Amino acid sequence: MFLLLNNKPILHRVPEWFPQARQELIVVSTRSGLGTSAFPELARGFRHLHLVSSLDRPGLEEDLVALCRRFGVRRVLSTGEREVLPAATLRERLGLPGQDVACATAYRDKYTMKSLLTEAGIPVAPMRRLASPADLDAFADEAGFPLVVKSRLSGGSNGTRVLWDGDALTAFTDDWAAGRTAAPDLAEAWVEGDFYHINGLMRDGRILLAQPSYQPYSDWFSVAYDAPGMSGMMPDEDPMSARLRDTAAKVVATMPAVPGVCAFQVEFFHTPDDRLVVCETACRAGGSRMVETHEDTLGVHLHGASLLGQAGRSDQVTIRPTGRRQGYARFPSAHGVLRHLPRRSPLPQTLLYTATGEEGRHYDPATSLGSSVAEIVVSLTGPDTAAELLAVETWWESAVVWQDRRNPVPDRFKSVHRVRPDTRERALHV
């Protein structure tokens, strides 16, 4: 008997991976896990389906313990980043096999994670734990500006702030001391560079599958500004692909081994002086459309593979690469009035385009990842992934019309100004 903690809209797929779900799967999910399906329809596919408002609500742990004892649960499974620690805590309380709290903490607590990587000689941003505004002032004296402040357990850049100079630092520490802002517990130095990530599967501390991708903007830019959330798979012949895979293998080998098959992600900065600096790693699949595009091209559903691994069924995971590559973009709302939204994509490489924004509506800036006014998935066939994504971004910027746009990406950070001149030229001919 298995207990699944879920907040991903994948419940309609779970019976594909667990054909006996009606007999062996207890599901506790948020409403987002239902996707477009109705509760009664999904409930018929499981032994028990229970909806909760949040998977971190007070008192839920005791309810889950009681549920496990009631149904005789022998394994606890999870899908999202925020469920990693609760699932591990349940396992330890009930003496169940799987990822333990120490391993889960290493993947969730950014300070613990990056301390392990630093001890192994893997570059990360300089950092300091924070207990007071004085700690942040001291770190600013050491690291200079810009500074990044965040929570050690945050995800998706939620709550992350960038302090560009001394005035911003003073304003922030004043607000912190007065209780006008949430207190951060981690500060990091800003790392300048291009952003990349590896998504794939690991098993017992070794990589099984690793797909490198280029991401023109880190997640923070899509929260702080209206940067598109874009990512594109890189070809094997790109020299950076091998470097990213090699470093990802070192990261996975350094972190505590998650038992069985498990999805993973490693994010990197490639600095102007040609260093790969790890942003962070996670023992779950990446967000946005990463799971869908990886399934289409690599022949494996990363959430499904992780669930089988946690269930002790790693040998049932199959990988069937197609040899194709894809990229995607989610276009968030700008801060302003949406005057024109393209209803179709003229780009020949388009595989999917959906426009959900409302023309004439005033939008506030996005406060988290996930909300968008349009999305696109494209086929990637060339040697320069950055050029292919730049072509998508250039089309979007020329087609969408915002009135009184207040939070565009500053020019110095726009991808068109950061890529190589030959990449800009290739983007014109994609």
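Residues 1 to 430 in UniProt numbering are what the sequence shown lists, from first letter to last. All residues carry an ideal CB built from backbone N, CA and C; glycine is no exception. Bear in mind that the values here come from a model prediction, so they are computed numbers and not experimental data.
Buried versus exposed call for residue i [16 or more other C-beta atoms within 10 Å across all chains shown]
| i | result |
| --- | --- |
| Ala-134 | exposed |
| Glu-267 | buried |
| Asp-204 | exposed |
| Trp-164 | exposed |
| Gly-98 | buried |
| Ala-102 | exposed |
| His-362 | exposed |
| Gly-121 | exposed |
| Ile-319 | exposed |
| Thr-381 | exposed |
| Ala-282 | buried |
| Arg-206 | exposed |
| residue 432 | This structure leaves residue 432 out entirely; the chain is present only between 1 and 430. |
| Asp-219 | buried |
| Pro-184 | buried |
| Thr-385 | buried |
| Glu-237 | exposed |
| Arg-108 | buried |
| residue 431 | With the chain covering only 1 through 430, there is no way to say anything about residue 431. |
| Gly-299 | exposed |
| Pro-294 | At residue 294 the sequence reads His, which differs from the Pro that was named. Buried, since its Cβ has 16 or more Cβ neighbours within 10 Å. |
| Gly-304 | buried |
| Gly-327 | buried |
| Pro-332 | buried |
| Arg-284 | buried |
Residues sharing a beta bridge with residue i, DSSP
| i | result |
| --- | --- |
| residue 431 | Nothing can be reported for residue 431: it is not among the residues displayed for the chain, which extend from 1 to 430. |
| Thr-350 | Val-378 |
| Trp-402 | Leu-338 |
| Tyr-363 | Gly-336 |
| Cys-262 | Met-202 |
| Val-289 | For clarity, residue 289 is Arg in the given sequence; the question names Val instead. Paired residue(s): none; Arg-289 is not in a bridge. |
| Phe-2 | Leu-25 and Arg-75 |
| Phe-331 | Ala-374 |
| Gln-326 | Ser-379 |
| Val-278 | Val-124 and Phe-268 |
| Arg-161 | Val-149 |
| Ala-355 | Ala-374 |
Beta-carbon contacts of residue i that lie in its chain and below 8 Å, excluding the five residues immediately before and after
| i | result |
| --- | --- |
| Asp-175 | Thr-181 |
| residue 433 | Examination of residue 433 is not possible in this model, given that the chain is present from 1 through 430 alone. |
| Glu-92 | Asp-100 and Val-101 |
| Arg-82 | Asn-7, Leu-55, Asp-56 and Gly-155 |
Sequence-distant residues of the same chain with beta carbon closer than 7 Å to residue i, five excluded per side
| i | result |
| --- | --- |
| Asn-407 | Tyr-225, Asp-226, Ala-334, His-335 and Pro-365 |
| Ala-387 | Thr-423, Arg-426, Ala-427 and Val-430 |
| Asn-158 | Ser-368 |
| Arg-104 | Checking the sequence, you will find Ala at residue 104 rather than Arg. If we look at Ala-104 and ignore the five residues flanking it on each side, its Cβ neighbours are Val-84, Leu-85 and Ala-88. |
| residue 481 | Because the chain here runs from 1 to 430, residue 481 falls outside it and cannot be looked at. |
| Thr-254 | Leu-116, Leu-117, Ala-120 and Ile-122 |
| Ala-210 | Ile-198, Gly-200, Arg-245 and Ala-248 |
| Pro-146 | Val-162, Leu-163, Trp-164 and Trp-190 |
| Ala-177 | Pro-133 |
| Ala-140 | Leu-147 and Leu-169 |
| Ala-143 | Pro-126 and Ala-189 |
| Met-113 | Ala-106, Tyr-107, Glu-280 and Thr-281 |
| Leu-130 | Leu-136, Pro-184, Asp-185, Leu-186 and Ala-187 |
| Pro-15 | Ala-21 and Gly-45 |
| Glu-358 | Leu-338 |
is_contact[residue i, chain B] using C-beta, thresh 7 Å
| i | result |
| --- | --- |
| Asp-315 | The structure shown contains no chain B; it is built from a single protein chain. |
Contacting residues, own chain, Cβ-Cβ under 6 Å from residue i (five flanking each side not counted)
| i | result |
| --- | --- |
| Tyr-353 | Ser-345 and Ile-376 |
| Gly-260 | Gly-309 and Ser-314 |
| Val-252 | Met-202 and Ile-207 |
| residue 456 | Since the first residue shown for the chain is 1 and the last is 430, residue 456 is missing from the structure and cannot be characterised. |
| Val-149 | Arg-161, Pro-184 and Ala-187 |
Three CB pairs or more closer than 8 Å across the stretch 195-204 and the stretch 347-354: By the Cβ test, the stretch 195-204 is not in contact with the stretch 347-354, since fewer than three Cβ pairs between them sit closer than 8 Å.
Ordered list of alpha helix (DSSP H) runs contained in the stretch 172-257, each at least 4 residues: You should have 219-224 and 239-254.
The stretch 12-23 / the stretch 39-57 touching (three or more Cβ pairs under 8 Å): yes
Cβ contact check for the stretch 2-15 and the stretch 67-83: 3 or more pairs under 8 Å: yes
Sufficient close CB pairs (3 or more, under 8 Å) joining the stretch 25-45 to the stretch 312-331: Verdict: no, contact absent.
Meets three-Cβ-pair contact criterion under 8 Å: the stretch 241-257 and the stretch 268-277: yes
Beta strand (DSSP E) runs wholly inside the stretch 6-62, at least 3 long, in chain order: 25-29 and 48-51
Touching by the beta-carbon criterion (3+ pairs, under 8 Å), the stretch 396-411 and the stretch 231-239: no
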